[in-house]
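Written below as structure tokens is the structure these notes are about.
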Amino acid sequence: TGCAPAEVEGHIRQSAAHRGTHNLFTSDVVEQVMASVRRIVAEYEIASPLSLGVPARTLREGLRVEEELADISIKEMRRAGEIESHGPLMRRKGWVPSPSDRDIDSSNHIVHEICAGQQEPPSVEDLISRYGSSVPALLRHLEREGRIVRVGADRYYDRDTLGAMIVRLRTTLMPGQVDVPAQLRDVLGLSRKYLIPFLEFCDRSGVTERRGEGRILRQ
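If you want it as structure tokens, here you go:
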């Protein structure tokens, strides 16, 4: 710019430019990126009404700008209260999932089938074949509402049914005793197809601990 290094800071402040780690960006450019953020978030809300927000990576890839320009623009929108972070997701401030009437109807049918299945509920694949491709999103929404619990990659349980199974496991097993799956199958009355995912869930939840081929009740 032809000015002394000592003068640069003053000129930067006077310019009202947004300062990144390595570059300066004009307000117009930042506003353009902010407009793109609004558009991407709005489109995602329409396309995925049951989601909790846009994956941050998806948002940044959609902006197609330098990372520090994206950082500045998102930071400005956070400061203005336009968007907020929710874990790895970005969303409009105050956004909540909004299931349609059809989603609500399908959700109620799905919950009914899972409850009716008791200890052997239908798989996600089975539910998709009956209710369509929206099932995974509906299941995640139902889990967030606390109506069902994900036990395995392909299986959700009614919360009360799952609680009763855990109580039966706790009251039947002897503390300090290692029980193999064959013994636990008799206790719970489950086939191996349902037993192993349930036991792995109990391991993750701190109910049991794996010891070799068996499980021990955790105190």
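With the numbering used here applied, the sequence shown corresponds to residues 66 to 284, in that order.
C-beta atoms are modelled at their ideal positions from N, C-alpha and C, and glycine is treated no differently.
{"Query": "For my contact list, Val106 and Ile139 are in at a C-beta cut-off of 8 Å; report their separation, rounded to the angstrom.", "Result": "Rounded, the Cβ-Cβ distance is 11 Å, inconsistent with contact."}
{"Query": "What does DSSP give as the partner residue(s) for Leu89 in the beta ladder?", "Result": "Arg84"}
{"Query": "What are the boundary residues of the beta strand (DSSP E) that includes Val214?", "Result": "213 to 217"}
{"Query": "Assign Val98 to buried or exposed, taking buried as 16 or more other Cβ atoms, counted over all protein chains shown, within 10 Å of its Cβ.", "Result": "buried"}
{"Query": "Any idea which residues DSSP pairs Leu154 with across the strands?", "Result": "Pro120, His151"}
{"Query": "Under the rule that 16 or more other beta-carbon atoms within 10 Å means buried, what is Cys68, buried or exposed?", "Result": "exposed"}
{"Query": "Thinking Asp166 and Ser199 are a contact (beta carbons under 8 Å), I'd like their distance in whole angstroms, please.", "Result": "That belief does not hold up - the Cβ atoms of Asp166 and Ser199 are roughly 13 Å apart, past 8 Å."}
{"Query": "Would you please state the rounded distance, in angstroms, between the beta carbons of Pro120 and Leu154? I believe it to be under 8 Å.", "Result": "6 Å"}
{"Query": "Tell me Arg276's beta-bridge partners as DSSP assigns them.", "Result": "Gly279"}
{"Query": "Using a threshold of 8 Å, state whether the C-beta atoms of Glu178 and Pro187 are closer than that.", "Result": "yes"}
{"Query": "For Arg233, tell me which candidate among Gly241, Leu255, Val216 has the shortest Cα-Cα distance.", "Result": "Leu255"}
{"Query": "With DSSP as the reference, please indicate the residues paired to Val243 in a beta bridge.", "Result": "Ile281"}
{"Query": "Between the alpha carbons of Val272 and Arg283, how many angstroms are there, rounded?", "Result": "6 Å"}
{"Query": "Note down the Cα distance separating Ser80 from Arg104, rounded to an integer number of angstroms.", "Result": "28 Å"}
{"Query": "Near Leu124, which residues of its chain fall below 6 Å by C-beta distance, leaving aside the five closest residues on each side in sequence?", "Result": "Ile105, Met155"}
{"Query": "If I'm right that Tyr221 touches Glu208 with Cβ under 8 Å, what's the distance once you round it to whole angstroms?", "Result": "7 Å"}
{"Query": "Please name the residue or residues paired with Asp223 in a DSSP beta bridge.", "Result": "Ile213"}
{"Query": "Going by Cα to Cα distance, which pick from Pro162, Ala82, Asn88, Val161 is closest to Glu131?", "Result": "Asn88"}
{"Query": "DSSP beta-bridge partners for Ser188?", "Result": "Arg220"}
{"Query": "Pull up the distance between the alpha-carbon of Gly152 and that of Gly118, whole angstroms please.", "Result": "10 Å"}
{"Query": "Spatial neighbours of Glu274 within its chain, please: CB distance less than 6 Å, with the 5 preceding and 5 following residues excluded, ordered by chain position.", "Result": "Ile281, Arg283"}
{"Query": "Looking only at its chain, what residues have a beta carbon closer than 6 Å to the beta carbon of Arg215, apart from the 5 residues adjacent to it on each side?", "Result": "Glu208, Tyr221"}
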